[in-house]
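J.: The following block contains the structure, expressed as structure tokens.
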Amino acid sequence: MVDGRTEPVRFARKEWMGTMKSMTWMKAVFFVGIAGVGLTAVGCGGEGGEGPIVAPPPPPAEYADKHMPAGWFADDQIVEEGRQIFIGAKNPDVNCASCHGKDGKPVKAGARDFRVTERMKLYSDSVWFWRISEGVPNTKMKAWKSKLSEEDRWKLVAFERSFGLKGQEWDQAKNAWVPVGSAAAGGAAPAAAPDAGGAAPAAPGAPTAPAAPAASPAPAAAGK
């Protein structure tokens with residue numbers, strides 16, 4: 003025979019234990035979900051998520067003096083060629099958009115968001131070129147120098163900078179991004195081409211040798 007006084011206590015205890023089991027299960031599911039998000043964030047090519055905005059490390063010596071060819075930041079054709087490389091139209095083995103998104107909005111966790119101006123303005127053209135060339139350690143951003151020529155890597159920089167730094171170019175003297183056309187001229191001027199006679203024209207301001215006097219005409223032969 004059931005004791006009428008103890009039955010409610012047993013029932014209440016059973017309900018309490020059921021509630022505790024449900025809470026424990028919910029906590030386990032929650033923590034597994036958090037862990038899954040953390041693993042996904044290591045993603046495609048960034049650094050485990052965007053994180054705080056800090057300057058990237060400087061490029062190594064072999065890249066420190068490499069800069070965008072003169073005039074390329076302002077060249078729409080160069081930028082378009084960079085876009086074709088970015089979306090994989092030129093080389094199907096190179097498709098930056100598969101991680102970074104065609105419009106610059108990352109489609110895989112961890113990929114760098116080129117639209118964030120405050121972050122990207124901390125990347126010099128040399129750093130940008132270096133990272134495309136050699137990849138980023140401890141991420142899925144691999145080196146692309148074996149797949150892309152140096153010119154194509156610079157074209158990528160010219161296009162990628164248009165997401166967050168549109169209309170800007172890198173000024174070597176100021177060590178900063180400035181409006182296109184306002185950067186100090188950098189690099190050596192191209193050598194002058196030789197003229198048709200094979201001799202190179204004299205440098206501006208250089209003294210020129212006096213012209214040789216014209217030869218005197220030979221005297222006419224005496225008549226017979």
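Counting from 3, one number per residue, gives the positions in the sequence shown under the working numbering. Note that beta-carbon positions come from the ideal geometry of N, C-alpha and C, so glycine has one too.
#1: Is it right to say D127 is buried, meaning 16 or more other beta carbons lie within 10 angstroms of its own, or is it exposed?
#2: DSSP state of A170, grouped into three classes?
#3: Go through its chain and collect everything with a Cβ distance to C98's Cβ below 6 angstroms, but skip five positions before and after it.
#4: Which residues does DSSP pair with A66 in a beta bridge?
#5: Identify the residues that DSSP records as bridge partners of V182: which are they?
#6: Note the first and the last residue of the continuous alpha helix (DSSP H) segment covering D78.
#7: Should L124 and A57 be called a contact, given that it needs their Cβ atoms to be closer than 8 angstroms?
#8: Roughly how many angstroms separate the alpha carbons of V159 and E152, rounded to a whole number?
#9: Looking at C-alpha atoms only, which residue of K168, F116, G166 and A187 is the closest neighbour of K176?
#10: How many angstroms separate the CA atom of A63 from the CA atom of A76?
#11: For Q120, count the other beta carbons within 10 Å of its own beta carbon; 16 or more makes it buried, fewer makes it exposed. Which is it?
#12: Decide if A113 is buried, meaning its Cβ has at least 16 other Cβ atoms within 10 Å, or exposed.
#13: Identify whether D95 lies in helix, strand or coil by the three-state DSSP scheme.
#14: Excluding the 5 residues flanking A178 on each side, which residues of the same chain have their C-beta closer than 7 angstroms to its C-beta?
#15: Return the residue from the list P181, V182, Q174 and V180 that minimises the CA-CA distance to D67.
#16: Expressed to the nearest angstrom, what Euclidean distance is found between the alpha-carbon atoms of P181 and W74?
#17: At 4 residues or longer, what runs of the alpha helix (DSSP H) sit wholly inside the region 120 to 157?
#18: Compare the C-alpha of P59 against each of V138, M143, K110 and G103 and name the closest.
#19: Could you pull out every residue in the same chain whose Cβ sits closer than 6 angstroms to the Cβ of E171, ignoring the five residues on either side in sequence?
#20: I80: which of D105, L167, R155 and F165 sits nearest, CA to CA?
T.: Looking at the coordinates:
#1: buried
#2: Here residue 170 is Gln; the residue named in the question, Ala, does not match the sequence. Here Q170 sits in strand by DSSP.
#3: F88
#4: Note: A66 sits in no beta bridge, so no partner.
#5: According to DSSP, which records beta bridges pairwise, V182 is partnered with nothing at all.
#6: D78 to F88
#7: yes
#8: 11 angstroms
#9: A187
#10: 27 angstroms
#11: Checking the sequence, you will find Glu at residue 120 rather than Gln. Classification of E120: exposed, given that the 10 Å Cβ count is below 16.
#12: buried
#13: coil
#14: none
#15: Q174
#16: 13 angstroms
#17: 127 to 136
#18: V138
#19: F75, V182 and A185
#20: R155
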